[in-house]
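Numbering (this note's numbering), first residue to last: 13 to 232. Where is the CB? At the ideal position from N, CA and C, for every residue including glycine. Before any comments, here is the structure.
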């Protein structure tokens with residue numbers, strides 16, 4: 013009853029009485045956003061000792077490139093789901109941006125910490141902004157896991173149809189940010205643009221009235 017009276021008098025719109033083990037939360041190194049004013053997390057120490065292979069990298073050993081992609085993507089989606097409070101990774105759409113999924117600066121850092129602990133990679137705090145979708149981030153993680161890329165062949169193992177499907181799922185903003193659009197333009201055959209047709213009556217487009225413009229557009 014004393015807690016209830018305090019809640020009513022606090023003026024806060026939502027108040028919850030809960031028994032919290034703040035010491036245990038701080039020791040875990042992963043503090044939910046809602047508790048950040050109550051608990052100061054200790055520095056997160058990577059679960060992967062120096063020179064040793066991470067559990068994720070071990071799972072990828074001997075797998076095909078397609079299986080590796082699937083495993084790493086599921087790992088990224090699972091960690092994102094935990095940070096955002098979802099029950100399963102199914103709530104994390106692979107090609108949706110982290111911002112659209114609900115990440116902000118604080119949750120982005122928490123997410124980065126979980127990825128570091130699971131992979132042993134040294135990831136920047138801006139990871140979710142540098143690689144804006146789970147699919148893009150999974151590709152980055154897989155490329156940088158020690159020994160994984162080298163032990164499973166080269167990109168020649170990927171079929172053309174698989175690569176095409178993969179590219180279709182990456183947002184154009186992510187491709188532009190990574191510089192892939194410029195690379196694609198350099199590699200792709202030159203595409204000649206069709207010349208713009210001139211009006212049949214020889215007039216300049218700027219000289220046409222509304223009816224003539226509509227008629228010209230409908231005939232293109």
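Looking at C-alpha atoms only, which residue of the options is the closest neighbour of residue i?
i: residue 118; options: 148, 183 and 44; result: 44
i: residue 84; options: 152, 93 and 100; result: 152
i: residue 134; options: 13, 140 and 124; result: 124
i: residue 154; options: 16, 78, 126 and 33; result: 78
i: residue 139; options: 92, 48, 223 and 99; result: 92
i: residue 150; options: 86, 13 and 191; result: 86
i: residue 28; options: 182, 15, 194 and 103; result: 15
i: residue 141; options: 224, 36 and 186; result: 186
i: residue 70; options: 136, 223 and 132; result: 132
Cα separation between residue i and residue j?
i: residue 128; j: residue 120; result: 12 Å
i: residue 112; j: residue 198; result: 31 Å
i: residue 96; j: residue 115; result: 8 Å
i: residue 130; j: residue 66; result: 7 Å
i: residue 76; j: residue 82; result: 10 Å
i: residue 101; j: residue 88; result: 9 Å
i: residue 17; j: residue 23; result: 11 Å
i: residue 20; j: residue 46; result: 20 Å
i: residue 190; j: residue 184; result: 10 Å
i: residue 227; j: residue 180; result: 36 Å
i: residue 221; j: residue 193; result: 39 Å
i: residue 68; j: residue 195; result: 30 Å
i: residue 74; j: residue 80; result: 9 Å
i: residue 30; j: residue 90; result: 27 Å
i: residue 188; j: residue 122; result: 26 Å
i: residue 136; j: residue 223; result: 58 Å
i: residue 26; j: residue 13; result: 17 Å
i: residue 36; j: residue 103; result: 28 Å
i: residue 176; j: residue 200; result: 14 Å
i: residue 219; j: residue 98; result: 60 Å
i: residue 33; j: residue 182; result: 42 Å
Against chain D, does residue i count as a neighbour if the rule is that its beta carbon must be under 7 Å from one of theirs?
i: residue 29; result: Annotation note: the requested chain D is absent from the structure, which comprises a single protein chain.
Pop quiz: residue i and residue j are said to be a contact at Cβ under 8 Å. What is the actual Cβ separation, rounded to whole angstroms?
i: residue 50; j: residue 157; result: Contact doesn't hold; Cβ gap of about 35 Å is too wide.
i: residue 94; j: residue 48; result: About 16 Å separates the two Cβ atoms, so there is no contact after all.
Okay, do the stretch 105-117 and the stretch 140-147 touch, 3+ Cβ pairs below 8 Å being the bar?
yes
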